[in-house]
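Student:
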DNA sequence: TGATAAAAATTGGTCGAACCAATAATGCCA
DNA sequence: TGGCATTATTGGTTCGACCAATTTTTATCA
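Protein chains in written order, with the numbering used here: chain W, 3 to 246; chain L, 3 to 246.
1. Report yes if the CB atom of residue 113 of chain L is closer than 8 Å to the CB atom of residue 170 of chain W, and no otherwise.
2. Please tell me whether residue 2 of chain L has its Cβ less than 8 Å away from any Cβ of chain W.
3. Say whether chain L places a C-beta atom closer than 8 Å to the C-beta of residue 70 of chain W.
4. Relative to chain W, which residues along the region 170-196 of chain L have a C-beta separation below 8 Å, given in chain order?
5. By the 10 Å Cβ neighbour count, where 16 or more other Cβ atoms means buried, how is residue 161 of chain W classified, buried or exposed?
6. Check whether chain L comes within 8 Å of residue 88 of chain W, counting only Cβ atoms and requiring the distance to be less than that.
7. Compute the distance between the beta-carbons of residue 63 of chain W and residue 62 of chain L, then report whether it is under 8 Å.
8. In chain order, what residues of the region 41-66 of chain L put their CB closer than 7 Å to some CB of chain W?
9. Buried or exposed for residue 136 of chain W, please, with buried defined as at least 16 other CB atoms from any protein chain shown within 10 angstroms of its CB.
10. Would you be able to state if there are at least three C-beta pairs under 8 Å between the region 126-144 of chain W and the region 184-196 of chain W?
11. Out of L:134, L:49, L:196, state which residue places its alpha-carbon closest to the alpha-carbon of residue 209 of chain L.
12. Compute the distance between the beta-carbons of residue 211 of chain L and residue 223 of chain L, then report whether it is under 8 Å.
13. For the ligand NAP, I want to know if residue 183 of chain L counts as a neighbour, meaning its beta carbon is within less than 7 Å of at least one of the ligand's heavy atoms.
14. What is the C-beta distance between residue 68 of chain L and residue 29 of chain L, in whole angstroms, given that I count them as a contact (C-beta under 8 Å)?
15. Taking only beta-carbon positions, decide if residue 124 of chain W is within less than 8 Å of chain L.
16. Per DSSP, residue 89 of chain W forms a beta bridge with which residues?
17. Starting from residue 81 of chain W, trace the beta strand (DSSP E) in both directions and tell me its first and last residue.
18. Please list the partners that residue 114 of chain L has in chain W, where partner means a Cβ-to-Cβ separation under 7 Å.
19. Check whether chain L comes within 8 Å of residue 163 of chain W, counting only Cβ atoms and requiring the distance to be less than that.
20. Can you tell me whether residue 173 of chain W is buried or exposed, with buried defined as 16 or more other CB within 10 angstroms of its CB?
21. Exposed or buried, what is residue 236 of chain L when buried is set at 16 or more other beta-carbons lying within 10 Å of its beta-carbon?
22. At least one CB of chain W closer than 8 Å to the CB of residue 137 of chain L: is that the case?
23. In chain order, what residues of the same chain lie with their CB nearer than 7 Å to the CB of residue 159 of chain L, ignoring the 5 residues before and after it?
24. Are there 16 or more other CB atoms within 10 angstroms of the CB of residue 50 of chain W, so buried, or fewer, so exposed?
25. With 8 Å as the threshold, decide whether the Cβ of residue 230 of chain L is near any Cβ in chain W.
26. Have a look at L:99, L:93, L:168 and flag the residue whose alpha-carbon is nearest the alpha-carbon of residue 127 of chain L.
27. For residue 234 of chain L, which three-state DSSP category applies?
28. Less than 8 Å between the CB atoms is what I'm expecting for residue 84 of chain W and residue 44 of chain W, so what's the real figure, rounded?
29. By the three-class DSSP mapping on this structure, what secondary structure does residue 75 of chain L have?
30. How would you list, in chain order, the residues of chain L whose beta-carbon sits under 7 Å from the beta-carbon of residue 120 of chain W?
31. Quick one: Cα of residue 122 of chain W to Cα of residue 221 of chain W, how far?
32. Using only alpha-carbon positions, find the residue among L:110, L:65, L:36, L:72 that is nearest to residue 183 of chain L.
33. Strictly below 9 Å CB to CB, what residues from chain L border residue 96 of chain W?
34. If you measure beta-carbon to beta-carbon, which residues of the region 138-153 of chain L are closer than 7 Å to chain W?
35. Relative to the alpha-carbon of residue 152 of chain L, which residue among L:60, L:39, L:197 has its alpha-carbon at the smallest distance?
36. Determine, using beta carbons only, whether residue 118 of chain L and residue 38 of chain L come nearer to each other than 8 Å.
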């Protein structure tokens with residue numbers, strides 16, 4: 003795809019994304035910025051192929067993606083319509099929002115951290131009650147100081163094991179979602195030795211609580227560390243408004 | 003697409019889905035059942051096109067979908083590999099699990115209800131603190147008894163307004179996710195007049211608490227009704243194990 | 001005139017074959 | 001044996017055509 007819309011792909015390293023991905027990005031931007039309002043009808047696939055100087059099959063792959071995000075509704079013989087993404091979009095769109103519009107970066111990060119703080123304590127609570135002996139051993143192993151692994155890697159693993167221990171599949175899928183952001187924002191946080199120490203403290207404490215199956219304490223420990231990280235990260239992002 | 007794999011599309015009304023959707027469904031089933039284990043390499047697109055008696059472009063649209071769910075990783079020049087969906091899958095896969103394997107229906111419903119119960123109270127808490135006067139008026143209007151609307155429709159709207167009032171975009175997107183299940187399981191619940199009354203009670207109570215900006219009470223009211231609905235629904239599903 | 005049905009135009013869905021681009025496998029040479 | 005150019009494999013994209021559902025237009029008749 004070589005088109006006049008290339009300037010829309012102004013994101014990060016901006017490796018020459020696959021064409022269908024690039025097209026999707028342009029459409030996402032138009033939707034998020036309201037240029038394509040809810041209810042609006044997209045141009046025909048043929049017209050879009052012309053506009054993007056791409057093949058119809060390529061355009062279709064992009065549309066398929068928007069459809070998966072539940073941002074558009076496609077009807078054979080009719081056309082594709084923009085949906086109200088605040089009424090139908092799925093979680094994945096939050097990720098796209100950040101990629102497409104860096105200005106939303108801080109807002110979404112703040113929203114994400116709040117969700118984490120509100121939710122993960124309940125997961126820790128359930129994990130303390132339901133964890134199996136095997137899962138406890140996994141946790142022990144995961145928090146062990148080890149020159150081979152970084153604190154960040156261990157932290158990631160701890161959260162995952164806790165989610166698994168909660169015995170709820172959705173918790174695991176939710177963690178997957180969080181981890182995508184973790185990759186982007188984690189390094190900022192774990193660069194600071196003070197935060198690394200705080201994490202190791204957390205690992206120790208939550209392990210103890212889960213070992214004793216002390217659900218209330220697990221919940222509180224989780225809540226505390228998330229609150230700490232939330233404050234730290236929001237300050238950190240303000241200092242580096244454009245990230246790494 | 004006319005293929006020997008048609009029997010894999012043994013779900014619900016089984017309307018002759020679009021071909022790429024049907025292919026995706028087959029692959030999803032193989033992944034969920036472990037026939038395609040994590041790390042396994044999918045056949046080449048050309049081979050799959052042959053196997054499904056479909057065109058390669060059609061297969062590609064299916065693969066694009068699995069890629070969006072983060073269930074496979076595709077590399078040009080190499081191939082497509084199955085990822086561990088418990089480590090990478092996004093929330094959307096929960097929906098697919100239900101569609102593909104009805105046996106998971108109850109398990110996922112239970113997981114979903116637990117997430118709701120653990121999470122929405124915090125949303126109600128934030129909503130009570132942050133709601134604007136306009137949002138309060140919307141809530142008032144939404145809970146008004148009205149022969150034109152069903153209790154279920156009103157309930158849906160109440161939850162959405164609360165999520166919006168919380169001032170967190172992710173809460174809204176999370177509600178979108180819940181609502182997809184709402185369509186499937188809501189009718190079972192709201193068929194019961196007792197449950198309908200319970201909902202109207204909830205609407206009244208939560209409105210009062212949010213009007214007074216009593217966050218703690220909002221949280222508790224929300225928690226109570228979710229607990230009630232959770233028990234009711236899990237019983238209801240056991241009675242109608244295959245749904246409507 | 002107006003409702004209704006048939007026909008045409010529009011648009012997404014699928015197909016086939018070809019070529020480009022990135023990766024992996026092969027084999028040659030130093 | 002190790003490194004590197006060559007070849008084969010595989011996903012990415014393109015072109016052009018036809019199928020299928022929907023909408024719009026036209027024709028028809030009561």
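Glycine included, each C-beta is placed from N, C-alpha and C at the ideal position.
Fair warning: this is a prediction, and the values are worked out from it, not measured in the lab.
Tutor: Taking the structure as given:
1. For the purposes of this step, residue 113 of chain L is identified with residue 111 of the second chain, where counting begins at 1. For the purposes of this step, residue 170 of chain W is identified with residue 168 of the first chain, where counting begins at 1. It is a contact, given that the beta carbons lie within the stated cut-off.
2. For residue 2 of chain L there is no data in the structure shown, the boundaries of chain L being 3 and 246.
3. Here residue 70 of chain W corresponds to residue number 68 of the first chain, with the count starting at 1. Yes, because at least one Cβ of chain L sits closer than 8 Å to the Cβ of residue 70 of chain W.
4. 170, 171, 172, 173, 174, 175, 176, 178, 179
5. The residue given as residue 161 of chain W occupies position 159 in the first chain. With 16 or more Cβ atoms within 10 Å of its Cβ, residue 161 of chain W is classed as buried.
6. Stepping through the first chain from its first residue, residue 88 of chain W is reached at position 86. Taking Cβ atoms only, chain L reaches closer than 8 Å to residue 88 of chain W, which makes this a yes.
7. For the purposes of this step, residue 63 of chain W is identified with residue 61 of the first chain, where counting begins at 1. For the purposes of this step, residue 62 of chain L is identified with residue 60 of the second chain, where counting begins at 1. Yes, the Cβ-Cβ distance between residue 63 of chain W and residue 62 of chain L is below 8 Å.
8. Shown in chain order are the members of the region 41-66 of chain L whose Cβ falls below 7 Å from a Cβ of chain W: 59, 62, 63, 66.
9. As a first step, residue 136 of chain W must be located in the first chain, where it is residue number 134. Burial call: exposed.
10. no
11. Numbered from 1 along the second chain, position 207 holds the residue referred to as residue 209 of chain L. Of the listed residues, the one whose Cα sits closest to residue 209 of chain L is L:134.
12. By 1-based counting over the second chain, the position of residue 211 of chain L is 209. By 1-based counting over the second chain, the position of residue 223 of chain L is 221. Yes. Within cutoff.
13. You won't find the ligand NAP in this model; it holds no ligand whatsoever.
14. The count along the second chain starts at 1 and reaches residue 68 of chain L at position 66. The count along the second chain starts at 1 and reaches residue 29 of chain L at position 27. With a contact defined as Cβ atoms closer than 8 Å, residue 68 of chain L and residue 29 of chain L qualify at about 6 Å.
15. Looking up residue 124 of chain W in the first chain gives position 122. It does; some Cβ of chain L falls within 8 Å.
16. Start at 1 with the first residue of the first chain, and residue 89 of chain W comes out as number 87. For residue 89 of chain W, which the question treats as bridged, DSSP gives no partner whatsoever.
17. Your numbering for residue 81 of chain W matches position 79 in the first chain. Start and end: 81-84.
18. In the second chain, counting from the first residue as 1, residue 114 of chain L sits at position 112. Residues of chain W passing the Cβ test: 172.
19. Mapped onto the first chain, residue 163 of chain W falls at position 161. Cβ-Cβ to chain L under 8 Å: no for residue 163 of chain W.
20. As a working mapping, residue 173 of chain W is identified with position 171 in the first chain. Residue 173 of chain W should be labelled buried.
21. For the purposes of this step, residue 236 of chain L is taken as residue 234 along the second chain, with counting starting at 1. The residue is exposed, with fewer than 16 neighbouring Cβ atoms inside 10 Å.
22. Locating residue 137 of chain L in the second chain gives position 135, where the first residue counts as 1. Residue 137 of chain L does not count as touching chain W.
23. The residue labelled residue 159 of chain L in the question sits at position 157 within the second chain. The answer, listed in chain order, is 144.
24. As a working note, residue 50 of chain W is residue 48 in the first chain. With 16 or more other CB atoms across the displayed protein chains lying within 10 angstroms of its CB, residue 50 of chain W is buried.
25. For the purposes of this step, residue 230 of chain L is identified with residue 228 of the second chain, where counting begins at 1. No, residue 230 of chain L does not count as interfacial toward chain W.
26. Looking up residue 127 of chain L in the second chain gives position 125. It is L:168 whose Cα lies nearest to the Cα of residue 127 of chain L.
27. In the second chain, the residue the question calls residue 234 of chain L occupies position 232. If DSSP states are grouped into helix, strand and coil, residue 234 of chain L belongs with the helices.
28. Position 82 of the first chain holds residue 84 of chain W. Position 42 of the first chain holds residue 44 of chain W. Yes, residue 84 of chain W and residue 44 of chain W are in contact; Cβ-Cβ is about 7 Å, under 8 Å.
29. Translated into the one-based positions of the second chain, residue 75 of chain L becomes position 73. Strand.
30. As a first step, residue 120 of chain W must be located in the first chain, where it is residue number 118. What residue 120 of chain W touches in chain L: 121, 124.
31. For this step, residue 122 of chain W is matched to residue 120 along the first chain. For this step, residue 221 of chain W is matched to residue 219 along the first chain. For residue 122 of chain W and residue 221 of chain W, the distance between alpha carbons rounds to 8 Å.
32. Counted from its first residue, the second chain places residue 183 of chain L at position 181. The shortest C-alpha separation from residue 183 of chain L is found at L:110.
33. The sequence position of residue 96 of chain W within the first chain is 94, counting from 1. The contacting residues are 171, 172, 175.
34. none
35. On the second chain, residue 152 of chain L is found 150 positions in, with the first residue counted as 1. Measuring from the Cα of residue 152 of chain L, the nearest candidate turns out to be L:197.
36. Residue numbering aside, residue 118 of chain L sits at position 116 when the second chain is read from its first letter. Residue numbering aside, residue 38 of chain L sits at position 36 when the second chain is read from its first letter. Result no, Cβ atoms of residue 118 of chain L and residue 38 of chain L do not sit closer than 8 Å.
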